[in-house]
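Chains as they are written, first to last, in the working numbering: chain A, 25 to 314; chain B, 2 to 299; chain C, 78 to 404.
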Amino acid sequence: MEEPQQTVTNLPRPASASQPPRTQLDGPVGETIFDVRNVSIWYGAFKAVTDVSLAIHENEITAFIGSSGSGKTTVLRSFNRMNDLVPGARVDGEMNYRGQALYGGGVSPTAVRRRIGMVFQKPNPFPKSIYDNVAYGPRINGERNKAKLNEIVERSLRQAALWDEVKNRLNTSGLSLSGGQAQRLCIARTIAVEPDVVLMDEPASALDPIATGKIEDLMRELKSQYTIIIVTHNMQQATRVSDRTAFFSVLTEGDSDTRTGVLVEYGPTEQIFQDPTDPRTQAYVTGRMG
Amino acid sequence: MAADTGQQRKADLREPAGWRRAKNRIATILMVLSFVVVIIPLGFVLVTVVAKGASIISWSFLTSSIPPAVLPANFGGIGPAVLGTIEIVALATVMAVPLGILGAIYLNEYGGNGLLARFIGFLSDVMTGVPSIIMGLFIYSLWVVHFGYSGLAGAFALGCLMLPVVIRSSYEMLRLVPNTLREGAYALGATKARVTMTVVLPAALGGIVSGSLLAVARAAGETAPLIFTILGGLLSANTNPFSGANTALPLQIFSNASQPYTGAQARGWGAALTLIAIAFILMIVARIVTARFSRYSR
Amino acid sequence: MTATAPADQPTRAGSAGVLSAKRPLGDRTFQIVALAAGLLVLVILVLIAATTTDQSTSWFAKEGITGIFSKTWNPTANQFGALSFLFGTAVTAIIALILAVPVSLGIALLLTEVVPRRWARPVVYVVDLLAVVPSVVWGLWGILVFAPWLQGIYSSIGNFFNGVPVLGNLFGPPTDGASFFTAGIILAFMITPIVTSLSREVIATVPTMDREGAYALGATRLEMIRGVVLPHSQGGIVGAVLLGLGRAVGETIAVALVIGSSATITSHLFAPGYTMPAVIANQFGEATGVWKAGLMGLGVLLFVFTIIINVVARGVVERSARRGRGA
């Protein structure tokens, strides 16, 4: 049984949840959670994303939008070092999490992922009971106390707006839930370890509109406690939930076929959608492209 | 002219010409025949074993000591052989199954498409084709020559036989576990070992158990590896599988089959029925496990 | 305000091996254990070759390269030539293949082309049952029931062909229930499941599109099989047949019981004979010295043959699978 690595640089604790929820961006901007400077990401010899620079702020929902292949998911997955699982993946440039270099020597990916959680496009509950799904994270963090686990499971399921629907069947398989419920279970599972940041890769794209609405409500509620970054194909969704939006596009290299993603514009959501600076952003959000 | 044949072709919706149809029919009949050709001897064997064996089977038969071959059918039984089979196969299983699962984990989770992993996978498949007698001669040369005959040696030989089979079937089951499950676990901050043991393996467990049961059934029926490792020839049970010669059902059947005495032969049929029943039960349990517990292999 | 972080050099984010310095001990250990389990296969194969060869050196030394393949195996006269066993192994295997391959192909095609999905399961179950019968039970039934019954049939056939030029040498007397042919038949029963299931796997990879294409041109099922299925799967089927051959060559106990235990080289298929695994199984118990080394040496030869057959078979199957995928 392993403890959290001692050799890991001490990643700072998140701000307490007692901060008031922020509804507009014209108040003081929160602490910078991610500071990305000139980051390019490679898969082997293929440059997936080039020269991205942006800053993610605390307790905001940031949306990454853009057409397929523009690198949104690649950048998202680099925040919790999921790209490490792809052989040949490489990150150039500076990527800092709360002031610490995310890809520096001495940083353990597993420790990173305990602070930065992820919800995937297609709900992926484990073939275990609902209870064991939610308790999985706390358990691998060393939590053994049954009472504490019960409390964590209930809290997480409540926060994920799933408790009432499953409280009487916590021992049934996670696979028996509908798509929307399964995704909320995955969200509960992710927040059970009380991460600092929650990354969401098109969390509602596999769900019907009603389930999607529930997920979006959830996001707004979670914002007060977590920093959320969401990749979405749905522009209306971005306008509904996000505070800031980053628009990615594809750069085609002259005559070669390679498509490299590039960050075109990043700013408050209202500004991106109503008054974009870059013509490519304008074209995308008005539906003329991608 | 062209118009005529055009008319003919359009109107000709009958079956293809007689000889084409005939050949097709004959082919179908031959295919069905090949299945029948297989059912008949299978039926004969099973019916014979049941007919000749059932009359001698009883609790006392399954537990009594082995009598001298010349004694008639109602004397003694095959107790030592039953015990031997259980001891030796259990030992072999305990050794081969965990190692086989670990080997499959290496191949699927760590080795990926690397050269070493593909080489080992290839060797493992080739090893499934090594005749069981070779495993017996191997353990004889490696172990029995130095440490003597024992149930343990027999278990080593059977284990070598089971290992590549368990590796292959477990590998196939691990492959079927969707990658999104692994990603979900990694995203929660689990290490690779944790992901493998707490998410991947449980997800594949049904199929792995089922595949292992089939390997056990095959090992239980093997004779050749045991000839060179446990010696046989016992009359009373050896409860210590780690030392001293031992016997097992297949070995007993082998020796009884070459006996001219009807008593020994009758005991041989009884042992054969017992052996087939064991293999059959294991096979059925394996299918039940697959049907009920194996989520991804359907 | 963000703390100014030191400039970061690009890190190779690929395999976890780079971060291994920081990996917890348990994770590292697990990987090593898994690798060791995988390597065990290689180790065992090498050990098999090494230990069995070691135990048979006195035979190789005594007989030499030519002596090994001489005709006479007579322990009492201190002669240990293996030719009759090689002969017997080859003959029984060939008989088994001639009988089993058409039948296995027939069943495989039956399952993939003829039988509707619902009936496929019971048919597969029956074929699997064939595989579940242990070798020793085939042998028991073979020597106590099948061989005596065949004895009569062989006699009649033998008398019929007695004196006839070629066929008489094959099927004429001497005849015995326990003989090459009986062993071949039982081997055929035993290798059918593996050849069938592998052929089925191969045939199943034929794209439905190709099948439908043939049917759309008005082909009968037989024509479709000959025109589409067989050409596409022939590589894989050859591989399946080779694996069946490997199995037939190595099968010990059933053969040991029904082959008649006579180390002779003869063209008469209904006469008693011997194979490599059968003689090892039957004589090992009482063998000593060079005799035992000789039996062990037969084991070494058997190991080499089956490895070669299996490697070639797997290679053929892989190559045809790769070609099928690329097609």
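The C-beta atom is built at its ideal place from N, Cα and C for all residues, glycine as well.
Given the structure is predicted, the values throughout are model-derived calculations rather than measurements.
Query: Buried versus exposed, by CB contacts within 10 Å (16 or more), residue 214(C); Result: buried
Query: Below-7 Å beta-carbon distance, residue 164(A) vs any chain B residue; Result: yes
Query: Cβ contact check for the stretch 149–162 of chain B and the stretch 102–111 of chain A: 3 or more pairs under 8 Å; Result: no
Query: Contacts that residue 182(B) makes with chain F (C-beta to C-beta distance below 7 Å); Result: In summary, chain F is missing from the structure at hand, where the protein chains are A, B and C.
Query: Separation of residue 206(B) from residue 168(C), as counted between CA atoms; Result: 43 Å
Query: Contact check, residue 6(A) vs residue 115(A), beta carbons under 7 Å; Result: It is not possible to answer for residue 6(A), since the shown part of chain A is limited to 25 through 314.
Query: Contacting residues, own chain, Cβ-Cβ under 6 Å from residue 48(A) (five flanking each side not counted); Result: Per-residue confidence for residue 48(A) stands at a pLDDT of 47, beneath the threshold of 50, marking its modelled position as unreliable; no derived number is given.
Query: Residues that residue 144(A) contacts on chain B, provided the C-beta gap is smaller than 7 Å; Result: 181, 184, 185
Query: Nearest to residue 248(B) (by Cα), restricted to the options 221(B), 262(B), 280(B), 32(B); Result: 221(B)
Query: Closer than 7 Å to chain B by CB, residue 138(A); Result: yes
Query: Near-chain C residues of the stretch 191–207 of chain B - C-beta to any C-beta below 7 Å; Result: 192, 193, 194
Query: Where the stretch 115–135 of chain A meets chain B: residues whose CB sits under 8 Å from a CB there; Result: 134, 135
Query: Under 7 Å between C-beta atoms of residue 111(C) and residue 274(B); Result: no
Query: Exposure label - residue 125(B); buried when at least 16 CB within 10 Å; Result: buried
Query: Candidates 283(C), 185(C), 250(C), 121(C): closest to residue 34(B) by CA position; Result: 185(C)
Query: Within-7 Å CB hit, residue 2(B) to chain A; Result: Any reading at residue 2(B) must be qualified, since the residue scores a pLDDT of 46, below 50, and its modelled position is unreliable; no value is offered.
Query: Residue 151(A) beta carbon less than 7 Å from that of residue 70(B); Result: no
Query: Proximity test, residue 157(A) beta-carbon vs the ligand ADP heavy atom, cut-off 6 Å; Result: Of ligands this structure carries none, so the ligand ADP is not represented either.
Query: Start and end residues, alpha helix (DSSP H) containing residue 255(B); Result: 250–258
Query: Cβ contact (3+ pairs, closer than 8 Å) linking the stretch 187–194 of chain C and the stretch 292–307 of chain C; Result: yes
Query: Contact with chain C by residue 67(B), beta-carbon distance below 7 Å; Result: no
Query: Residue 250(A) - DSSP class collapsed to helix/strand/coil; Result: coil
Query: Residue 71(A) - DSSP class collapsed to helix/strand/coil; Result: strand
Query: Complete runs of the alpha helix (DSSP H) confined to the stretch 194–238 of chain B [at least 4 residues]; Result: 202–221, 225–228
Query: Members of the stretch 359–383 of chain C near chain B, C-beta cut-off 8 Å; Result: 361, 362, 373, 376, 379, 380, 383
Query: Among 366(C), 332(C), 280(C), the one whose alpha carbon lies nearest that of residue 397(C); Result: 280(C)
Query: Chain B contact for residue 291(C) (CB, 7 Å cutoff); Result: no
Query: Simplified DSSP state of residue 257(A), which is helix, strand or coil; Result: coil
Query: Beta-carbon proximity list for residue 98(C), same chain, < 7 Å, skipping 5 on both sides; Result: Only weak support is given to the placement of residue 98(C): the predicted model assigns it a pLDDT of 37, under 50, and the question is left unresolved by the model.
Query: C-alpha distance - residue 226(A) paired with residue 248(A), whole-angstrom precision; Result: 21 Å
Query: Neighbourhood of residue 173(C) by C-beta, 7 Å cutoff - its chain only, sequence neighbours within 5 removed; Result: 261, 264, 265, 268, 325
Query: According to DSSP, residues forming a beta bridge with residue 150(C); Result: 157(C)
Query: Element boundaries [alpha helix (DSSP H), containing residue 72(B)]; Result: Segment: none, residue 72(B) is in no alpha helix (DSSP H) and carries neither H nor E.
Query: C-beta neighbour in chain A for residue 292(B), strict 7 Å; Result: no
Query: Cβ separation of residue 272(C) and residue 317(C), assumed to be a contact under 8 Å, to the nearest whole Å; Result: 5 Å
Query: Residue 274(C) burial status per 10 Å Cβ neighbour count (16 or more: buried); Result: buried
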